[in-house]
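Residue numbers for the sequence shown follow my numbering, so the first one is 20 and each next one is one higher. Cβ coordinates follow ideal geometry from the N, Cα and C atoms, glycine included.
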Amino acid sequence: LTFPLLSVTLLVSFGSSMLYGYNLAVVNSPAVHIKAFYNTTWARRYGHGLAPGPLTLLYSLTVSIFALGGLVGSLLVGVLVERYGRNGALSRSALLVLLAGGFMGFSRELASPEMVIIGRSITGLHSGRCCLGCVAVHGLFLTAQCFLGLMPSIFICLGVFLAQLLGLPELLGEDRFWPLFLSVVVIPASLQLLLLHCFPESPRYLLIERNDICRASKALRRFLGTSDVQDVIEEMKEEQRSLSSVEMVSVWQLLRDRSVRWQTLSVVVVNAGMQLSGIDAIWFYTNTIFENAGIPVSQIPYTTVGTGAIEVVAGLIGCFTIEKVGRRPLIITGFCAMGICSAGITISLLLQTALPWMRYVGVACVVGIIAGFCMGPAGVPFLMTAELFTQSHRPAAYIVGGSLNWFCNFTVGFVFPFLQMSAGAFCYLVFCGICLLVALYVYLIIPETKNKTFMEINHIFT
């Protein structure tokens with residue numbers, strides 16, 4: 020492990036993965052203030068305020084538009100990386116965050132709710148292009164280096180925790196600070212933009228895609244801290260020859276290929292289940308959930324920060340145990356825990372009037388959902404997608420899984436407030452059913468992929 024290698028990993032994760040986590044949770048704390056701003060602005064424009072239904076619709080769009088931006092961004096990753104390289108794509112994406120921060124930061128001064136929505140969509144575009152795209156591609160060289168491949172997922176958890184921490188009333192949780200709270204994202208993006216040029220381009224990109232052996236060797240010597248990089252160069256050349264002989268499968272061809280139909284279905288089930296499990300509802304609407312659970316309003320921000328801290332710890336546990344425990348136990352246990360805790364929230368809400376202490380059971384169940392997600396479903400689907408397919412099918416599989424991820428993220432963020440209004444406490448049983456069904460599918464269909472070749476996995480499926 021060398022200082023340049025560690026530094027570039029921290030910088031990329033700090034300016035991309037952490038922003039993804041931050042933007043997931045940043046809309047939770049200022050929800051009341053943003054809704055009040057929307058209502059006041061509407062009244063000034065049209066002479067009357069918004070009814071509860073349209074106001075909920077407008078705010079749900081603000082929350083969920085982030086995922087639509089992410090969907091578009093994830094589909095553009097390949098083109099941008101091929102044209103500008105890893106560093107170039109990350110730098111240009113950082114400029115998007117500065118633009119988004121400007122839109123959201125000045126939205127109240129210009130009395131424009133539209134600027135908040137546009138800013139959220141642009142941050143989603145950045146997250147789709149960087150966090151789940153460029154970072155993953157940039158990290159292909161880094162994942163072989165001890166724990167560095169774990170950095171992006173850890174920084175996502177840290178981003179969520181940072182948003183919850185800054186949302187405290189003593190920091191940026193007051194009404195007058197919410198535009199600044201949303202636009203804090205410009206700080207990590209600016210640092211990444213300034214410092215990324217201090218590091219060379221990804222060696223894998225330079226050699227495999229640009230065939231620039233000289234620059235790739237120079238970059239390797241810088242990252243590895245040694246002048247003897249010939250073995251690594253030969254390994255990359257072998258990979259380059261292997262890739263050149265493989266014809267990549269399109270998404271349509273993947274969906275029609277009967278030889279990998281169970282693998283494709285598994286990617287669909289696990290990635291859709293990951294977002295439809297209700298975790299996005301927890302992140303987007305934590306304060307509302309705690310308020311409905313009967314937690315005193317003054318205690319909610321601190322309770323939320325506590326859940327964020329537990330999330331970071333659970334994420335670290337999941338990252339460092341996945342190779343020892345295996346994929347199946349973590350993902351099955353995680354989904355089962357989430358399903359049981361979702362049912363627990365319903366029970367606590369139904370009984371809290373008669374039994375006041377049930378509100379704390381509700382909080383414990385929210386913590387259980389977050390911990391269960393971070394220890395298994397948060398990271399395993401991405402790893403499992405790579406292990407279920409050969410190189411020819413892998414890019415198409417990632418497109419299918421990533422697109423489903425973002426679409427289901429949008430669905431939950433947009434629909435959950437209305438589901439909560441119509442079904443009340445029983446809305447969490449929907450998430451309970453999805454989690455338990457996904458766990459059952461994994462138990463019955465998906466084999467353990469740890470230390471197995473594709474041929475061995477394919478033989479089990481067939």
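Residue span of the alpha helix (DSSP H) that contains residue i, given as start and end
{"i": "Ile227", "result": "Ile227 -> no alpha helix (DSSP H), and no H or E assigned at all."}
{"i": "Val135", "result": "132-148"}
{"i": "Gln211", "result": "205-214"}
{"i": "Thr330", "result": "The sequence as given places Glu at residue 330; Thr does not occur at that position. That run of the alpha helix (DSSP H) goes 319-344."}
{"i": "Ala300", "result": "298-303"}
Nearest-angstrom Cβ-Cβ length linking residue i and residue j, presumed shorter than 8 Å
{"i": "Thr323", "j": "Gln439", "result": "About 17 Å; that fails the 8 Å criterion."}
{"i": "Leu490", "j": "Arg347", "result": "In the structure as shown, the chain starts at 20 and stops at 481, and residue 490 therefore has no counterpart that could be examined."}
{"i": "Gly313", "j": "Phe450", "result": "Not a contact, Cβ separation roughly 20 Å."}
{"i": "Pro188", "j": "Pro320", "result": "6 Å"}
{"i": "Pro207", "j": "Phe33", "result": "6 Å"}
{"i": "Tyr39", "j": "Ile175", "result": "6 Å"}
{"i": "Cys360", "j": "Gly395", "result": "Actually they are not in contact, since the Cβ atoms of Cys360 and Gly395 sit about 13 Å apart, beyond 8 Å."}
{"i": "Thr283", "j": "Leu295", "result": "Actually they do not touch by this definition, with Cβ atoms about 18 Å apart."}
{"i": "Leu87", "j": "Ser140", "result": "6 Å"}
Reduced DSSP category for residue i - H, G, I as helix; E, B as strand; rest coil
{"i": "Thr21", "result": "coil"}
{"i": "Leu191", "result": "coil"}
{"i": "Ile479", "result": "helix"}
{"i": "Ser441", "result": "helix"}
{"i": "Asn47", "result": "coil"}
{"i": "Phe408", "result": "coil"}
{"i": "Phe33", "result": "helix"}
{"i": "Ser26", "result": "helix"}
{"i": "Cys153", "result": "Residue confidence for Cys153 is low, a pLDDT of 45 falling below 50, so the modelled location carries little weight; the figure read from the coordinates is stated next. Note: Cys153 maps to helix in three-state DSSP."}
{"i": "Ile314", "result": "coil"}
{"i": "Phe200", "result": "helix"}
{"i": "Pro219", "result": "coil"}
{"i": "Thr352", "result": "helix"}
{"i": "Thr245", "result": "coil"}
{"i": "Gly421", "result": "helix"}
{"i": "Arg413", "result": "helix"}
{"i": "Leu402", "result": "helix"}
{"i": "Gly186", "result": "coil"}
{"i": "Val434", "result": "helix"}
{"i": "Phe128", "result": "The amino acid occupying residue 128 in the given sequence is Glu; Phe does not appear at that position. If DSSP states are grouped into helix, strand and coil, Glu128 belongs with coil."}
heavy atom of the ligand FAD below 7 Å from residue i C-beta
{"i": "Ile298", "result": "Ligands displayed in this structure: none; no statement on the ligand FAD is therefore possible."}
Neighbour flag for residue i against chain E, beta carbons, 8 Å
{"i": "Val332", "result": "The chain inventory of the structure shown lacks chain E, comprising one protein chain alone."}
What ranges does the alpha helix (DSSP H) occupy inside the segment 264-291, keeping only unbroken runs of at least 4 residues that lie completely in it?
270-275
Let me know the alpha helix (DSSP H) ranges lying completely inside the segment 362-399, each 4 residues or longer, listed in chain order.
377-394
Entirely within the segment 443-473 and at least 4 residues each: give me those alpha helix (DSSP H) ranges in chain order.
446-463
Complete runs of the alpha helix (DSSP H) confined to the segment 61-125 [at least 4 residues]
71-124
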